[in-house]
Amino acid sequence: MIKLYWSPRSRSFSAIWLLEESGLPYERVLTDITKGAQKAPEFLRINPMGKVPALTDGDAALGDSAAICTYIGDRYPETALAPAANDPLRARYLQWLFFSPGCIEPAMIQIFTKIEVPASTAAWGSATQTFDVLDQALEKGPWILGERFSAADIMIGSGLIFAVRRFKMVPSRPAFERYMDLCEARPAYQRADKIAAG
Ligand SMILES: N[C@@H](CCC(=O)N[C@@H](CS)C(=O)NCC(=O)O)C(=O)O
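Converting from the sequence shown to the numbering used here requires adding 39 to each position, the first position being numbered 1.
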């Protein structure tokens, strides 16, 4: 049985949304980060970074939302959350799946801390470039890969909603609005939202 280690109102949201989309049976294990449960030795054996979300599936154990999305999409192809390795969409899928931790998250931290890093040195380019590139990629839609919804939308959608709607760190744009509305309309998103509220 898949076990998801999560804490309310945290970055666990993407993994909850993923598992709700997947239709797979899973158990949620409350790991309250306000009480330090993420630093317990038994949890550190699952995610040595001491952060939620983390997941176990039999003998497999891993932390980090994008890694969890990759694992579930590949391990359970019947969920249709990931283009197969030989599908031409696979390349863009991987790029967008990791765009959230690789570019959206660091761009948000840059905005929040007001720390200026030269775009040629920063691995994510710049916050402006990150959101301009995303705007262009979402223009056609409906999803980041076009007609096909995938786990990449879970990472991009939750990152964007976090940055634009929840924390209002990033000004919205018409393509973002349309995309965020589509994400929020998904029944699995709505179930995840209720669960993640705790
Ligand atoms: N890169 C990780 C980040 C996870 C993360 O930052 N989790 C936070 C909650 S939002 C956490 O567990 N914080 C507790 C701590 O660091 O002690 C992911 O996307 O899963």
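Using N, Cα and C, we set each Cβ at its ideal position, and we do this for glycine too.
Backbone secondary structure at residue i - three-state DSSP
| i | result |
| --- | --- |
| residue 228 | helix |
| residue 174 | helix |
| residue 113 | helix |
| residue 102 | strand |
| residue 67 | strand |
beta-carbon residue i near ligand 1 non-hydrogen atom, thresh 8 Å
| i | result |
| --- | --- |
| residue 77 | yes |
| residue 103 | yes |
| residue 89 | yes |
| residue 92 | yes |
| residue 49 | yes |
| residue 195 | no |
| residue 81 | no |
Residue i versus residue j - alpha carbon distance
| i | j | result |
| --- | --- | --- |
| residue 42 | residue 237 | 17 Å |
| residue 200 | residue 97 | 32 Å |
| residue 94 | residue 113 | 15 Å |
| residue 232 | residue 156 | 34 Å |
| residue 223 | residue 229 | 7 Å |
| residue 127 | residue 154 | 38 Å |
| residue 225 | residue 175 | 23 Å |
CB of residue i within 9 Å of CB of residue j, strictly
| i | j | result |
| --- | --- | --- |
| residue 227 | residue 59 | yes |
Fill in: At least 3 beta-carbon pairs within less than 8 Å: the region 80-100 vs the region 154-167
no
Item to complete: Could you tell me whether the region 52-66 touches the region 204-212, where touching means 3 or more Cβ pairs closer than 8 Å?
Response: no
Worksheet item: Hey, is the region 41-61 in contact with the region 189-198, meaning 3+ C-beta pairs nearer than 8 Å?
Response: yes
Discussion item. If contact is defined by three or more beta carbon pairs under 8 Å, each pair taking one atom from either stretch, is the region 104-123 in contact with the region 180-191?
Written reply: yes
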